[in-house]
Structures are given as C-alpha cells and as structure tokens.
Amino acid sequence: MEQGKISALQLALIMYPGILATGFISLPVITAIYAQNDLWLAVILSAVTGLLSIYLSIRLHELYPKQTVVEYSVRIVGSIPGKIIGVIYFLVFVHFVGVVSREYAEFVTGNFLIKTPNLLVLSSIVLLAAFAARGGAEMIARCAVIFTPIFIIPLFFLLLLIPELDPKNIFPVLSHGFVPVLKGSATPQAWLSEFFMMTFFLPILSNPDKGKKMALLTLICIIVSMTYVNLISLFVLGIDISDKVYPILIVFRYIRIGEIFENLEVLLLAMWIVGNFVKISLFFYSAALAFTFTFKLTDYRTVIFPIGILSVIFGFWDIPNFSGLAYFLRVLVPFYLITMFVFIPSILLIVATIRNKIAAGKGGSGP
C-alpha cells in the first residue's frame with residue numbers, strides 16, 4: 000500500500016497540469032465548434048462542474064477520511080456492487096491512459112516527429128509514466144513540482160502577441176444565444192470533472208485541512224488559464240478557430256522576437272511533453288490503486304507494467320485514426336467522464352448520507 004505523504008500544494012501542482020495538459024490543445028477547437036466566438040464563456044460556465052467534483056471528493060473524504068473511492072464504495076453500496084464500481088474505475092483509468100497517450104502521440108508525430116511511428120512515441124510516454132507511478136504519490140508529486148513551472152512559463156510568451164491581437168473578434172457576445180455556449184461547455188466540464196481524482200491523494204495529504212483550499216485555488220487557476228488561452232487564440236485567429244486542428248499551435252507559430260527568436264512552437268511541445276507526463280502518471284497511479292484495493296492486493300507496484308501494456312493496447316484498439324480520436328474527445332468524453340466523476344460519486348454521496356441518517360436515528364455509528 001501507499002506509505003508516502005504529499006502536501007496540499009503538491010496535490011495542486013499535480014492537478015493543474017493533470018487536467019490542463021491536453022486541454023490547451025484540444026479544448027479551444029472543440030469548444031469553438033459549438034460556441035464559436037463565445038468559447039471563453041463556455042470555459043467559465045464549466046467551472047460549475049469543477050466545483051461539484053471538488054465538493055464530492057472532499058465531502059466523501061470527510062465521511063471516509065482514510066479511504067479512496069474504490070474502498071468506500073464497498074462500505075456504501077455493499078461488497079459486490081462496490082467491487083463492480085472498483086473494476087469500472089480501473090478499466091476507465093486504464094482506457095484513459097491509452098487515450099491520453101494516443102492524443103499525445105498524434106500531436107507529436109503529426110507536427111514534430113513526422114516519420115516516427117505512433118507506437119514508439121506512445122510507448123515511450125507510457126513507460127516513463129509507469130516508472131513514475133511505480134515510485135508512488137511522492138514521486139509523481141516531485142515530478143509535478145519540477146515540471147509544472149515548465150508547463151506554465153510558455154504561456155507568458157503569448158503576451159508577445161499583444162500587437163497582433165484583435166479584441167473585436169470577441170463580438171458580438173452571445174449572438175447565437177446561450178444554447179451553443181452550453182453545448183460548448185460540455186467538454187470543458189468533462190475535463191474539470193477530473194478533479195474527483197483527488198480522492199486517491201486526499202487520504203495521504205500531510206496537511207488535509209488545506210486540501211479544499213488548494214483545490215479551489217487550482218480550479219481558479221485552470222479557469223483563468225483556459226480563458227486566457229481561448230481569448231488569445233480567438234483574438235489572433237478569429238472565428239475561424241473552429242476550422243483549425245490545433246489552434247494554439249498556430250498561435251505559437253505567430254510569436255517572433257525580432258529576427259532572432261522564431262519557431263517558438265517548441266515551447267508548446269515542451270508544455271505538451273511535461274504536462275502529459277504528469278497527466279498520464281496521474282491516471283496510471285489511480286488505475287493501479289483501483290485494481291489493488293478492489294482485489295485486495297498487498298502492493299500496487301506489481302500491476303504497474305501489466306497496466307502499461309494494457310493501456311498501449313487500448314491506445315490503438317478502439318481509436319483507429321485521428322478522426323476517431325477527435326470524435327471520441329468531442330462527443331463521447333463528456334458523457335464518459337461526467338458519469339464516472341460526477342454521476343457515480345453523487346449517487347455514492349446520496350446513499351452514504353441516507354445511511355448515516357438512518358444509523359443516527361437508530362443510535363448507530365453510520366456506515
């Protein structure tokens with residue numbers, strides 16, 4: 000079992016790139032397809048789901064302070080249903096390691112390493128994440144402390160585009176009504192629902208009293224960052240942003256400092272590598288814990304490399320090409336993640352609350 004401890008700040012540094020790593024690349028175009036020039040409003044609206052996910056993870060942690068969602072599911076709904084939930088979470092996490100790794104590989108091979116096979120790039124990041132996950136929460140936290148600044152710093156280079164920005168592209172606001180904004184917010188909501196994955200780290204916080212505060216601060220930072228990136232992309236590319244595959248990549252290619260610094264899209268590549276490393280490690284570690292707690296193993300490290308092999312298979316098995324990946328991210332991910340990180344936890348919290356009240360009425364101690 001996990002014996003390490005991490006601080007609330009380290010958890011925040013894990014969650015920030017853990018949620019945003021793929022968001023900077025994928026979300027602007029997905030959101031713009033529906034919301035068009037109101038894509039920045041869709042991100043702000045999605046904060047509601049982020050708040051709900053944080054509330055669910057914190058509230059369930061308060062009821063079961065030393066357990067993860069896989070463990071307290073058994074106590075809340077019973078042994079067999081609880082283990083089924085544990086298996087579902089395990090499969091979802093493994094599948095998402097494959098999906099995120101495939102997304103990572105498609106971007107790298109499609110724009111930088113043109114002649115490199117997807118399998119090689121995908122397998123490399125999975126192997127690195129496997130070693131990080133095998134090192135435990137402390138290893139992932141230390142990597143996040145080192146890599147998160149590398150993930151953040153390139154964003155400030157976008158300010159060099161200020162002379163090129165056209166703020167008029169933001170108008171007219173809500174010209175197509177509120178419904179397109181609501182549709183456009185579905186995918187950002189799915190990304191922000193990943194805050195529920197804190198459940199695997201809350202039991203090992205060295206300062207649990209600061210967990211909620213740091214989670215809310217991380218949510219604010221993510222919303223501000225995504226709004227900032229969406230607005231910069233909109234101001235540079237205009238309403239045609241929805242026609243681009245990787246809008247933020249094009250935006251980075253606009254950056255020039257005199258005749259000296261060009262081709263600064265390498266900064267975006269650096270963000271992409273370190274951010275996805277943290278994100279994949281997060282899902283990898285969660286998958287290992289989910290399997291270990293569900294089947295009562297003594298050490299999660301024994302399943303790390305089998306999970307890696309399975310995730311590589313998932314990365315190619317149900318995603319035949321880039322179009323299939325784009326469809327999955329745009330259409331299926333909102334239902335997929337919100338079900339796992341909002342709907343199921345909500346049911347668990349409702350059942351746990353009812354059981355606690357019944358037990359209190361009988362003079363018991365609750366589940």
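Using numbering that gives the first Met the number 0, you'd call the opening residue of the sequence shown number 0 and step up by one each time.
We put the CB at the ideal spot given by N, CA and C, even for glycine.
Assigned with DSSP and collapsed to three states, residue 296 falls in coil, not helix or strand.
Across the structure, residue 222 and residue 43 are spaced so that their CA atoms are roughly 6 Å apart.
Considering only 88, 230, 40, 216, the residue with the shortest C-alpha distance to residue 335 is 88. For residue 69, the enclosing alpha helix (DSSP H) stretches over residues 68–76.
Residue ranges of uninterrupted alpha helix (DSSP H) with 4 or more members, entirely inside the region 243–329 and ordered along the chain, are 246–253, 264–293, 303–316, 321–326. In this structure, residue 97 places its C-beta atom within 8 Å of the C-beta atom of residue 310. Spanning the alpha carbons of residue 291 and residue 14 requires a straight line of approximately 22 Å. CA-CA distance, residue 142 to residue 93, rounds to 21 Å. Where residue 137 is concerned, the enclosing alpha helix (DSSP H) starts and stops at 136–155. For residue 113, the three-state secondary structure derived from DSSP is coil.
Closest in C-alpha terms to residue 172, from the list 329, 205, 39, comes 39. Residue burial is scored here from C-beta neighbours: residue 257 has fewer than 16 other C-beta atoms within 10 angstroms and is therefore classed as exposed.
Residue pairing of residue 5 in beta bridges, as defined by DSSP: 204. The residues 184, 187, 188, 191, in chain order, have a CB closer than 7 Å to that of residue 45 in the same chain once the five nearest residues on each side in sequence are set aside. Taking the Cα of residue 85 as reference, the smallest distance to any Cα among 199, 160, 165 is reached at 199. Approximately 34 Å separates the beta-carbon atoms of residue 314 and residue 74; this is outside 8 Å, ruling out the contact.
In the three-state scheme derived from DSSP, where H, G and I count as helix and E and B as strand, residue 64 is classed as coil. Look at residue 21 here: in three-state DSSP terms it is coil, with no helix or strand label. In chain order, 7 place their CB closer than 7 Å to the CB of residue 209, counting only its own chain and leaving out the 5 sequence neighbours on each side.
For residue 341, the closest alpha carbon among the candidates 68, 26, 30 is that of 68. Rounded to the nearest angstrom, the gap between the Cα atoms of residue 113 and residue 122 is 16 Å. Look at residue 100 here: in three-state DSSP terms it is helix.
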